[in-house]
Ligand SMILES: Cc1cc2nc3c(=O)[nH]c(=O)nc-3n(C[C@H](O)[C@H](O)[C@H](O)COP(=O)(O)O)c2cc1C
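In my numbering, the protein residues as written are 6 to 641.
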């Protein structure tokens, strides 16, 4: 440990001590995007008054990952361990605090009790919870525990210690260490990070740049967001070590603008890191300079592709380019550069601190280490967790995530975002590492896993993802833009009852053409439809042959009918309908003045109905969705 770091560490430990070993109750409130969406910000405003009365301290933290229980609150008492509770509603602030600080929180705060994160007598351990038990939290070790807005808290638990060590290392030795650990790129490709760093190290200088890809555009992926919101210094430290390893002294963190809290926390963390001297000039007196800036992306999906991202960093329109040249040859402002995903960089301090063998204690031969996954969709317990690579997907989604709610049956999985493809539920046993997914023709991707149940239509999902790819195509190559348009047209036709068996050949031809697209966006666009054809063929055939949609969502194959005119819930359903297609039929002979009196039958104006299903949720006993084709036959 250098004397410069030792001094910083001692000061930070002193500053963080009251929260590290509290002498009076400490209440940690999860203030992350998921919890704020559940009104944790209102809870945060409601807590100070009762906290003052009860003599307790309040503290902001990132997330523990228990998204379905937000707002999550942890209470650490000197006489008891750290106990996690949720969901705590803002209006329950006083009642909750009194209960959690009472003589017998197990009983008094039973309605909120989740488990004890650190041993607490008589309280079930969080590690016994099915969501928590199988996790191996390395990257997530301090998430939800430290204040992400305090550099003291981060340094007190070891932040920048690995950087202090790395600044004294030979750059090639750092690359070799990262290569020996086998950390693969977490953006989806899995390319060995150490190898990529060697490309940049060997590139001509003096100017070289690092880029952190925090664009995270996949629907269902929120791994990078959670990292930046909950432990921003881990990302900064990882990038600084990468700078030392590659000879880069400047970097860009590219964050999509839909992540305002990530941007704010990363900006604050950078300011604090600069002020503390852990980034900037002559870090720890080693002579190594490194600084970072944040680039805000406008939320275009292809800006996540590294060449599109580089263009966007440069202030140009984010359009991917043909590679080579690769970023290590010609990157940001045409200088040699390295792009890695946020989670890739975040692993690096842990490897420098603990070694390659430690890193490989978990994971598989092809994918060593642990991986953060954001799990969502038809799940009892959606959230974010970190598990060893190689764990069964069923253990993650059915075990930790609890599977579909209300007794519904898993139907399939959407891994790796819109370009990742679809898998049937029979593949739930696949191990979470890249090879088994690639063998099944899908991508494990960057960590987003969405489970869907029998209520979802695989055809509709495929159309959604194909439309997404069409919308997000940068338009530079007609192959991609036109190809995805044709794909959407075919799927739309099938969903409107005009599908034919020849459409499968058409889909195959479009897929083949898309393989000539300039970048992976176009080339991977057909993954979803391939999944549909390969694994949900029966459902597709029912659409084409029987003109029927078993999930009853296809607008051309189903229709909404009113079955009970007397149900008062219809009034509310009509008010809620976003296209106002539910209304009473005009009563013959009624004058305009009588309009309020005229109570004709409720009708659904079919051409305006967008099949959002909101009306049926409000009036389930009065509105039914039926197969259009069968209904028409019975009418005839
Ligand atoms: C259309 C498209 C979107 C992408 N989006 C992301 C993204 O949001 N985040 C990311 O890290 N990688 C994304 N990638 C992969 C990047 O191009 C690149 O491989 C990655 O950032 C490299 O980092 P890694 O080696 O650490 O994974 C995307 C690729 C494509 C084709």
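For every residue, glycine included, the Cβ atom is placed at its ideal position computed from N, Cα and C. Being a predicted model, the structure only gives us computed values, none of them experimental.
- In this structure, residue 495 has its beta carbon at no less than 8 angstroms from each heavy atom of ligand 1.
- Excluding sequence positions up to five before and after residue 544, its CB lies within less than 7 angstroms of the CB of 463, 464 and 555, all in the same chain and listed in chain order.
- The segment 89–126 contains, as complete alpha helix (DSSP H) runs of 4+ residues, the segments 98–105 and 110–113 (chain order).
- Looking at the DSSP output, residue 342 shares a beta bridge with 214.
- By the criterion of at least three beta-carbon pairs nearer than 8 angstroms, the segment 436–456 is in contact with the segment 418–427.
- The beta carbon of residue 121 sits no closer than 8 angstroms to any heavy atom of ligand 1.
- The nearest non-hydrogen atom of ligand 1 is less than 8 angstroms from the C-beta of residue 306.
- Relative to residue 215, the option among 235, 314, 273 and 262 whose CA is nearest is 314.
- With contacts defined as CB atoms closer than 9 angstroms, residue 373 and residue 189 qualify as a contacting pair.
- Residue 225 is classed as buried because its beta carbon has at least 16 other beta carbons within 10 Å across all chains shown.
- The segment 285–304 makes contact with the segment 257–275; the number of CB pairs closer than 8 angstroms reaches 3 or more.
- Straight-line spacing of the CA atoms in residue 337 and residue 169 works out to 27 angstroms.
- Excluding residues up to 5 positions away in sequence, 249, 288, 289, 291 and 293 lie with their Cβ nearer than 7 angstroms to the Cβ of residue 172 in the same chain.
- Boundaries of the beta strand (DSSP E) harbouring residue 419: 415–420, taken from the DSSP string.
- A Cβ-Cβ separation of about 6 angstroms places residue 183 in contact with residue 353 under the 8 angstroms criterion.
- For residue 130, the pairing in a beta bridge is given by DSSP as 121.
- Secondary structure remark: continuous alpha helix (DSSP H) runs of at least 4 residues inside the segment 438–485, in chain order: 439–444 and 463–477.
- Judged by DSSP in its simplified three-state form, residue 607 adopts strand.
- Secondary-structure assignment with DSSP links residue 436 through a beta bridge to 397.
- Counting the other Cβ atoms within 10 Å of the Cβ of residue 157 gives 16 or more, which makes it buried.
- At a threshold of 8 angstroms, residue 96 does not count as near ligand 1, since its beta carbon sits no closer than that to any of the ligand's heavy atoms.
- Take residue 627, set aside five residues on each side of it, and the residues of its chain with a beta-carbon closer than 7 angstroms to its own are 567, 568, 569, 572, 574 and 575, in chain order.
- With contact defined as three or more Cβ pairs closer than 8 angstroms, the segment 14–21 and the segment 142–162 are in contact.
- Listed in chain order, the beta strand (DSSP E) runs fully inside the segment 247–329 are 255–261 and 296–302, counting runs of at least 3 residues.
- In this structure, residue 243 has its beta carbon at no less than 8 angstroms from each heavy atom of ligand 1.
- Ligand 1 approaches residue 201 closely enough that one of its heavy atoms is under 8 angstroms from the residue's Cβ.
- The beta carbon of residue 125 lies closer than 7 angstroms to those of 85, 86 and 88 in the same chain, with the five residues before and after it left out.
- Nearest C-alpha to residue 180 among 357, 585 and 297: 357.
- Of all alpha-carbon atoms in 117, 486 and 259, the one lying nearest the alpha-carbon of residue 320 is that of 259.
- At a threshold of 8 angstroms, residue 539 does not count as near ligand 1, since its beta carbon sits no closer than that to any of the ligand's heavy atoms.
- The beta carbon of residue 230 lies closer than 7 angstroms to those of 38, 221, 264 and 267 in the same chain, with the five residues before and after it left out.
- Contact check for residue 437 and residue 377: beta-carbon distance about 11 angstroms, past the 8 angstroms limit, so the pair fails to qualify.
- Inter-residue distance for residue 488 and residue 355 is about 43 angstroms (C-alpha atoms, whole angstroms).
- Residue state for residue 10 is assigned as helix, using DSSP reduced to three classes.
- When distances are taken from the beta-carbon of residue 222 to the heavy atoms of ligand 1, the shortest one is below 8 angstroms.
- Of the heavy atoms belonging to ligand 1, at least one sits nearer than 8 angstroms to the Cβ of residue 310.
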